[in-house]
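S.K.:
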Amino acid sequence: AGTLLLDPGSLTVAASGSGSFTASGADSVVAAGTINSVLRTGTTVALRADDNITVDAQIDGRTLPGGPASASGGGLTLTAGGAVTVKAPIVLNDGALAVNSGSFAQADNNIIATLGDKPISITTTGDIASQYLLTSGTLSLTSTRGNITAGRPLGVRFEDGTALPLGGLSVSAALGTANLGSGLYVN
């Protein structure tokens with residue numbers, strides 16, 4: 007499949023919006039359902055904004071209950087000149103997640119998962135504040151001038167003792183500090 011690129015000034019992924027996307031002025035909104043439909047075809051979605059990207063509604067590339075099977079591999083790229091703020095879960099059906107921005111923040115107890123061995127890569131010039139980041143692939147957190155703080159374990163161990171470890175980990179806070187004090191599960 008191909009790639010869908012959206013590129014306004016600032017972009018919000020919301021629960022509702024028009025079925026199509028139209029950039030209008032500095033701030034634009036796209037319905038999460040539009041992105042989800044594209045991801046379920048195995049197509050990568052690239053969201054790009056000159057300023058900020060805010061994910062206010064769940065992005066989910068998994069098969070809908072009772073729906074046709076989703077193709078795997080639909081990845082998501084978020085590129086912003088300013089902040090990327092994730093306030094709702096992002097779940098990809100074995101697709102990679104790449105974030106390139108001024109800063110990155112995930113809401114408390116929020117989950118980002120690739121459901122496979124595709125990587126999660128977050129690269130910023132400023133701070134990274136993560137919560138649950140789940141992949142059996144490689145997790146890469148890179149900040150060239152800020153701090154990295156993991157508010158929740160990287161990888162996970164469930165209450166029944168089953169682990170979903172990371173396939174690999176790369177952390178670099180060139181001019182800041184990295185705090186991974188919430189736990190780490192790596193293969």
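All you need for the working numbering is the position in the sequence shown, starting with 1, plus 6.
Note that the Cβ used here is the ideal one computed from N, Cα and C, for glycine as well.
1. On the three-state DSSP scale, how would you describe Leu45?
2. Can you list, in chain order, the residues of its chain whose CB lies under 6 Å from that of Ile117, leaving out five sequence neighbours each side?
3. Measuring only the C-alpha atoms, how far is Thr150 from Ala180?
4. Entirely within the stretch 125-172 and at least 3 residues each: give me those beta strand (DSSP E) ranges in chain order.
5. Given a cut-off of 8 Å, decide if Ala169 and Tyr191 are closer than it, judged by their beta-carbon atoms.
6. Are the CB atoms of Thr129 and Ala102 within a distance shorter than 8 Å?
7. Please say whether Asp57 and Thr18 have beta carbons closer to each other than 8 Å?
8. Who are the near neighbours of Gly79 in its chain, counting only those whose CB is closer than 7 Å to its CB and skipping five residues on each side?
9. Give the secondary structure of Ala75 by DSSP, where H, G and I count as helix, E and B as strand, and everything else as coil.
10. Could you have a look at Gly174 and say whether DSSP puts it in helix, strand or coil?
11. So, for Thr148: in the same chain, excluding its five sequence neighbours on each side, which residues have a beta-carbon less than 6 Å away from its beta-carbon?
12. Would you mind giving the Cβ-Cβ distance between Gly67 and Leu45, rounded to the nearest angstrom? I have them listed as a contact below 8 Å.
13. Near Ser146, what residues of its chain come up, given a Cβ to Cβ distance below 6 Å and the 5 sequence neighbours on each side ignored?
14. Note down the Cα distance separating Gly39 from Gln64, rounded to an integer number of angstroms.
M.R.: Quick answer:
1. helix
2. The answer, listed in chain order, is Pro95 and Tyr138.
3. Looking at the two C-alpha atoms, the distance is approximately 5 Å.
4. 126-130, 134-136, 138-140, 144-149 and 154-156
5. When the beta-carbon positions are compared, Tyr191 and Ala169 come within less than 8 Å of each other.
6. no
7. no
8. Gly48, Asp100 and Gly101
9. coil
10. strand
11. Thr129 and Ser178
12. 3 Å
13. Ser127 and Ser176
14. The alpha-carbon atoms of Gly39 and Gln64 are separated by roughly 9 Å.
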